[in-house]
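Residue numbers (this note's numbering), protein chains in the order written: chain A, 1 to 424; chain B, 1001 to 1424; chain C, 2001 to 2424; chain D, 3001 to 3424.
First comes the structure, then the notes that go with it.
4 protein chains.
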Amino acid sequence: MPIEPIRYVTKVDLSKPGDAQPQVHNRWHPDVPFTETIKVGETVKIECLDWTGNQIVNTDDANDIKDVDLTRIHYLSGPFNIEGAKPGDCLVVEIKDVQPLERQPWGYCGIFHKSNGGGFLDGFYPEAAKAIFDLEGIHATSRHLPNVKFTGLIHPGIMGTAPSAGILKEWNSREGSLKASIQHNHDTSVANLPEPINSHAGKASDKAIIEKIAKEGARTIPGRPEHGGNCDIKNLSRGSKCYFPVYVEGAKFSVGDLHFSQGDGEISFCGAIEMAGVITLKFSIIPNGIEKLALKSPIFIPGDVPNNYGPSRYITFEGFSVTETGEQQYLDATTAYRQACIRAIEYLRRFGYNDYQIYLLLSSAPIEGHIAGIVDVPNACTTLGIPMDIFDFDISPEAEIVRQDLGTCAFVKNADHPVIYKFK
Amino acid sequence: MPIEPIRYVTKVDLSKPGDAQPQVHNRWHPDVPFTETIKVGETVKIECLDWTGNQIVNTDDANDIKDVDLTRIHYLSGPFNIEGAKPGDCLVVEIKDVQPLERQPWGYCGIFHKSNGGGFLDGFYPEAAKAIFDLEGIHATSRHLPNVKFTGLIHPGIMGTAPSAGILKEWNSREGSLKASIQHNHDTSVANLPEPINSHAGKASDKAIIEKIAKEGARTIPGRPEHGGNCDIKNLSRGSKCYFPVYVEGAKFSVGDLHFSQGDGEISFCGAIEMAGVITLKFSIIPNGIEKLALKSPIFIPGDVPNNYGPSRYITFEGFSVTETGEQQYLDATTAYRQACIRAIEYLRRFGYNDYQIYLLLSSAPIEGHIAGIVDVPNACTTLGIPMDIFDFDISPEAEIVRQDLGTCAFVKNADHPVIYKFK
Amino acid sequence: MPIEPIRYVTKVDLSKPGDAQPQVHNRWHPDVPFTETIKVGETVKIECLDWTGNQIVNTDDANDIKDVDLTRIHYLSGPFNIEGAKPGDCLVVEIKDVQPLERQPWGYCGIFHKSNGGGFLDGFYPEAAKAIFDLEGIHATSRHLPNVKFTGLIHPGIMGTAPSAGILKEWNSREGSLKASIQHNHDTSVANLPEPINSHAGKASDKAIIEKIAKEGARTIPGRPEHGGNCDIKNLSRGSKCYFPVYVEGAKFSVGDLHFSQGDGEISFCGAIEMAGVITLKFSIIPNGIEKLALKSPIFIPGDVPNNYGPSRYITFEGFSVTETGEQQYLDATTAYRQACIRAIEYLRRFGYNDYQIYLLLSSAPIEGHIAGIVDVPNACTTLGIPMDIFDFDISPEAEIVRQDLGTCAFVKNADHPVIYKFK
Amino acid sequence: MPIEPIRYVTKVDLSKPGDAQPQVHNRWHPDVPFTETIKVGETVKIECLDWTGNQIVNTDDANDIKDVDLTRIHYLSGPFNIEGAKPGDCLVVEIKDVQPLERQPWGYCGIFHKSNGGGFLDGFYPEAAKAIFDLEGIHATSRHLPNVKFTGLIHPGIMGTAPSAGILKEWNSREGSLKASIQHNHDTSVANLPEPINSHAGKASDKAIIEKIAKEGARTIPGRPEHGGNCDIKNLSRGSKCYFPVYVEGAKFSVGDLHFSQGDGEISFCGAIEMAGVITLKFSIIPNGIEKLALKSPIFIPGDVPNNYGPSRYITFEGFSVTETGEQQYLDATTAYRQACIRAIEYLRRFGYNDYQIYLLLSSAPIEGHIAGIVDVPNACTTLGIPMDIFDFDISPEAEIVRQDLGTCAFVKNADHPVIYKFK
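Put into structure tokens, the structure is as follows:
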């Protein structure tokens, strides 16, 4: 009665771009064809490309980050036909494991150039930057972030069921409205509408279908309430049990954008430790689960083996909704969290890291970002907690400051720009 | 060599309103006189009134909540002269313990009427409501929230050093600007500017000083980046070590608004388990600490005994920045967290609680609110985690739903309004 | 509808010896009279003397420890009549809180002289010693153990229901048999049989009853499987729910020997931070619970707020069942744990503590003692874990050793004996 | 600058017995030749056979367990030459990961027959039994233990450096003395002395060396204080950093006996989830570390990702040193832990499991075994905690008992013996 190895339903090729691989796709659309069928109760392994489909390389410069083609993201494995799933059901997905690929034991965290992607702090740090992480078992270290080591809270950045045609229409409409109304006030894109260029419809071979997907397919950048998608929740890690609404026959579940680790907020946008990897999932169905669970958005039960640094091993920064230039915002948790990030940068740079290194660290390490108070008008308060034990030196407030040579992260070749921002 | 009992530097009277007690005050101003002097290295006990100064009573109606006088908040104990603290220093405050007063073993959580205070969900739940909690040792239960019991993550809602005259001016200016620019778009107050009515200047006896404080004193409602104040951080609990910037001689540290428990966000505004209590604090000083620690806002190291329900004992709801009416917001974590709250209400009401009960529960129980992804334009994603083990029945997605009679929270006498809101 | 303060069913007097106080007793016997009646569902507060009934004082010598009168222990509050409890029932006791008495904010840990009590390591450390701990809120520190601070995992050393006459007889018989068969091989007492001298029968006034209790009453030193008693389980702390078999009408529940903190093993015998204090308990009954739960010994569900130092913040020592002189024992976990203790002493003394100080520390701090492997003949393996963060300097294996002057614990006046034991 | 996959220094063959594979060995002896050299700072992968070298198969009977050949254990990978390690040094081994082999995703837990191996409870459960576990990612389930699922706290049962000739002699002498003095009182082996039959000297080809190892080589069954070996510590899991004394040039480090999961005590002897697997280790050296760290036995710092069920999710049984027949033992933690195991069996069998199933469960699941009090003469007290959430039904004391059909574990074909033991 030997047990067979767990079945792989997707394998990926690390030597070819994502759009050359029909087992992945990069747009949300109900017409992307199934790549495989999975039975209820079955556990399968699914290999995933890194989100850019092999655009980023293991080097000490950030030219690849600067020039990344953001029409060619995210490459997702699937969609999968979960046998018997019907619209109205709840698809239950248990994350049995996530691992980097044994054949590529590294990942990266990037800061996009403000003119090509940007990020949470691009007002202060507009340049492209990168850190390469070595992945050894459960640990990550980086030559670009010396004296730091942590255990990855490994997870998929993206999981989701396919939208119905109606939901897809709703997405495109509401995001289009936003873009129409506020884009003129922003210098980076506020929403990414369907983009035919480099749309990848997976296994689709019918030209009309391919064109339809290219024209209508929702971009994978935002998470969306109806199906999850790119939610980037670091605690959706090993052992989690997730409940998704089903909108189309067979659920058309897709997964990708695997992260070895991420901080709450994933602030640099390319901000986790991005990697190619393999995820082990088990599927089941709650018939009529949308109604039964009052399920308008995914819910989940986290796993039982997250990093446990001990609650008192975090140094915690408070951030309020007053901008860095002293402007009062109204109960704005986003502004408040940005301020907490800035406080952390000012604190950590005293040890010798430059601001871009810290930005990468806050993005990729297991940082805790909490909403604290959100009703004390006009200030929202958030907290950002850094586990002190990921450093091999003492960063506590009691530590004696010894400014070390802590190198630098990767920048564009021959870069010459400030790496410290003087906040007011 | 007997050790003396720990010295009380403040005692409060539960039978008199806050403004009749000179050992407390309710405005932030550098001229509020010291009530006591505390030595560096000394541990002291400080009794605190509940934040309203005894306005709320232990009853089954919410008339007291509806009629609360919000010009008469928050009553803070102090300010204290920390011997030797100088502007530029960092004041280190260690929270040795927080306890309800033995003579008043109950607390309350309130939902303010939309016309008098409001809260995070006042668009859907405009009425006043209340839950009274019995506090037995570390546990809280409420006759208004049956079948729930939890351990309090007990903490002060407010701690802070006094602002300098310059900082106070800055506060009043920037909050005034906000009010001037956006108040007309809101039906609740967006900021509370200095309010002479019911200003309480503590021990001040000089009439000119009293009037100055009344006229200029900053309200205690918002936390503020410069000194913390009403930050409402649930994890700032027993064992925490907090680092505050000092702006005036002696620091003029004040504390109050004790909470037996609170959820992340404190969403109903009067939203923790509010109580009178006693806090035990130890003080020390890092000379020139503002510069040494790059300390623009308070930081802290949490304690080592928070509630530990186990990471996999939370049911977690995802919330995205699309409003409840389907409008797309831009990377708005506040909207996203509101959606997570709504998802939790829709889920929990299936068991028999009404929406106001759940609103009170999310406010006061040890709810985890995280910023998940804040860069995936246009959607911020937040999560709200409810510890399943605070219920004495199974609330997991696998639970069979048995609708129970779970009573109701306190409303205004003879109230007659909907207790369930139909979201789109 | 004001809630009354929680009812005290026992108050103690710190100025009088235990045997002058009828609300406590120091022998287990079914005939010790009830002191109070408690209703099912009622929560009460119970003050307790320290276990010796005020024999130990806050000084810098250990003469009180050396001369302690061990016929006068442990003074337990009660017994209490739990209304309606019947033989065969299960008594459910919820620990709502434990606190030191506000009027005596200190405790002590002692090492008994080998000739009067002894302890786990009395072969190497035969002298009397003591450490006084200051108790400030949740924290303990000691002038006799400098550079150490920890949060107390506070708990009662003793809780138990009264034995029936039959069970009492069984206890005396089986412990008598042990004493008869092996006492001649030991130089400390292997069991303490009923001891009329200083027997304290609580409220009993009938001379015949007093004499019967003195003659037959079981000593309180050992925990016993039938009812728990002096189990000294550090995790039986705040929030725990305990299930006791009931053998007599009304259960006759007693409690005492409160510990502010204790390490697994409580190795120095007087080995916790012993204190006078107050415990808040809630009682209920499972009728016929002995049969229903197959309840031959107490069971419990621990609380949710124990110290959480983080699993990776412990330095862990392995101990095997080979004695310190190289003799092989057979699967002896007791020997194995002793070896782990010795390894910890050898390790910690390098920093400047003397062995007696470390012995006191391992006894009283939140040390983790695990049974690891107990079947690998002939060696049992145990582990002893010390939380590194209770020290304010680095004790990790990577730490540079800087031998500090770390003072000493209290010894007998003018003591002159080795404080370091040279193990083979 | 591509990173190469991590180097494998050992691969194993699952189709051949252990003694046919020269990259493994099964005796401790300084003369077993190195299989590979590993550099300081290098991270390597090491495949390991299951401890029996493929003797156990995935079936529903326990004949393989009954007939296991215990002269042919444990097959360890190595020994490895850690470049530069010298006697007197400390070898630091960081466990980066442990995984089952992808090609064999199952493991087993066995109860040995009393006449061939036995175990902690063989007085009551003398028959052979087995449970096969399916390993899917981090989770284990077993068709022989239905309704149970848990995350593996995965670890090597055995790690150790080679003994010097002198230490080896000491081992054989002291274990020989034990055997000589007490074997006649036991019906199972109290120690296993060197056994030439089926000795496997790894890569050794010199006949004299092979014979020397066969004659003198220490058995791998016990852990030993000098080097660790078969310590079976469940928390020596992923992320742990271990410190071993070095006795011979190159350290001659060996590893094996990988466990997917184990309870404290590993009570059934073949008692973990035994598996073939791969371990990822990183090596470094502290020169002269034995003296520097006072290192007589291995020490370790555990990892930061153990199972975290929440402290209040354990049902905890107390065990005292009174035997199951009512005999009083003297401070015997081994007896006390056995009693705690019996209490757990009596409790769990009410739900429908038979005693052998529970024995297997206590052995293999993440059970917590603590030493509680070890000085309260004559009773040692231990505790055994079972995480309630590994069951998919409620096992709390409040649960309504519904006796289910929970199948059985594997027994010998056509077995017919009691599966419930009636304790007094």
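Where is the CB? At the ideal position from N, CA and C, for every residue including glycine.
Please list, in chain order, all residues of the same chain as residue i whose beta carbon is under 8 Å from its beta carbon, the five residues on each side excluded.
{"i": "His-3029(D)", "result": "Ala-3162, Pro-3163, Leu-3168, Ala-3201, Lys-3212, Ile-3213, Glu-3216, Gly-3217, Ala-3218"}
{"i": "Leu-193(A)", "result": "Asn-172, Glu-175, Gly-176, Lys-179, Arg-219"}
{"i": "Glu-42(A)", "result": "Arg-7, Lys-282, Phe-283"}
{"i": "Thr-3141(D)", "result": "Phe-3133, Asp-3134, Val-3148, Lys-3149"}
Listing by chain order, which chain B residues have their CB less than 7 Å from the CB of residue i?
{"i": "Tyr-3309(D)", "result": "Gly-1310"}
{"i": "Ile-221(A)", "result": "Asp-1376, Val-1377"}
{"i": "Gly-2373(C)", "result": "Simply none; closest approach about 26 Å."}
List, in order along the chain, the chain D residues whose C-beta lies closer than 9 Å to that of residue i?
{"i": "Ser-2297(C)", "result": "Phe-3317, Glu-3318, Gly-3319, Phe-3320, Gln-3339, Ala-3340, Arg-3343"}
{"i": "Thr-151(A)", "result": "Arg-3238, Gly-3239, Gly-3303, Asp-3304, Val-3305"}
Between the options, which lies nearest to residue i when the distance is taken from Cα to Cα?
{"i": "Ile-1046(B)", "options": "Val-1255(B), Phe-1244(B), Lys-1234(B), Leu-1121(B)", "result": "Val-1255(B)"}
{"i": "Ala-2399(C)", "options": "Asp-3097(D), Lys-3039(D), Leu-3153(D), Lys-3292(D)", "result": "Lys-3292(D)"}
{"i": "Asn-2026(C)", "options": "Asp-2067(C), Asp-2122(C), Ile-2158(C), Lys-2011(C)", "result": "Ile-2158(C)"}
{"i": "Val-2057(C)", "options": "Ser-2237(C), Leu-2014(C), Ile-2386(C)", "result": "Leu-2014(C)"}
{"i": "Asp-2122(C)", "options": "Asp-2264(C), Cys-2270(C), Ile-2209(C)", "result": "Cys-2270(C)"}
{"i": "Ala-304(A)", "options": "Ile-3138(D), Gly-3228(D), Pro-3105(D)", "result": "The amino acid occupying residue 304(A) in the given sequence is Asp; Ala does not appear at that position. Among Ile-3138(D), Gly-3228(D), Pro-3105(D), the Cα nearest to that of Asp-304(A) is on Ile-3138(D)."}
For residue i, does the three-state DSSP call read helix, strand or coil?
{"i": "Cys-1409(B)", "result": "coil"}
{"i": "Gly-1107(B)", "result": "strand"}
{"i": "Trp-171(A)", "result": "helix"}
{"i": "His-2184(C)", "result": "helix"}
{"i": "Leu-3384(D)", "result": "strand"}
{"i": "Tyr-243(A)", "result": "strand"}
{"i": "Asp-1304(B)", "result": "coil"}
{"i": "Arg-3007(D)", "result": "strand"}
Going along the chain, which residues of its own chain have a beta-carbon closer than 7 Å to the beta-carbon of residue i, five neighbours each way excluded?
{"i": "Ile-1371(B)", "result": "Ala-1333, Thr-1382"}
{"i": "Thr-2323(C)", "result": "Gln-2329, Thr-2335"}
{"i": "Ile-3390(D)", "result": "Val-3148, Lys-3149, Phe-3150, Ala-3365"}
Please go through the same chain and pick out, in chain order, the residues whose beta-carbon is closer than 6 Å to the beta-carbon of residue i, but skip the five residues on each side of it.
{"i": "Asp-1392(B)", "result": "Asn-1147"}
{"i": "Phe-1351(B)", "result": "none"}
{"i": "Phe-1411(B)", "result": "Ala-1062, Ala-1129"}
{"i": "Gln-1023(B)", "result": "Thr-1010, Thr-1035"}
{"i": "Gly-3018(D)", "result": "Val-3024, Leu-3049, Gly-3053, Tyr-3075"}
{"i": "Gly-3319(D)", "result": "Ala-3336, Tyr-3337, Gln-3339, Ala-3340, Thr-3382"}
Along chain A, in chain order, which residues have C-beta atoms closer than 9 Å to that of residue i?
{"i": "Cys-1109(B)", "result": "Simply none; closest approach about 13 Å."}
Quick one: list the residues of chain C neighbouring residue i, beta-carbon separation under 9 Å, in chain order.
{"i": "Ile-1073(B)", "result": "The contacting residues do not exist; Ile-1073(B) stays about 22 Å from chain C at best."}
Could you tell me which chain D residues have their CB closer than 7 Å to the CB of residue i, listed as they occur along the chain?
{"i": "Ile-138(A)", "result": "Lys-3096, Asp-3097, Arg-3238, Gly-3239, Val-3305"}
Could you tell me which chain A residues have their CB closer than 7 Å to the CB of residue i, listed as they occur along the chain?
{"i": "Leu-1178(B)", "result": "Gln-328, Tyr-330, Pro-378"}
List the residues of chain A whose Cβ lies closer than 8 Å to the Cβ of residue i, in chain order.
{"i": "Lys-3066(D)", "result": "Within 8 Å Cβ-Cβ: nothing; Lys-3066(D) doesn't reach chain A, min ~18 Å."}
Task: Contact set between the segment 3231-3258 of chain D and chain A, restricted to residues whose Cβ is under 7 Å from the partner - done: Arg-3238, Gly-3239
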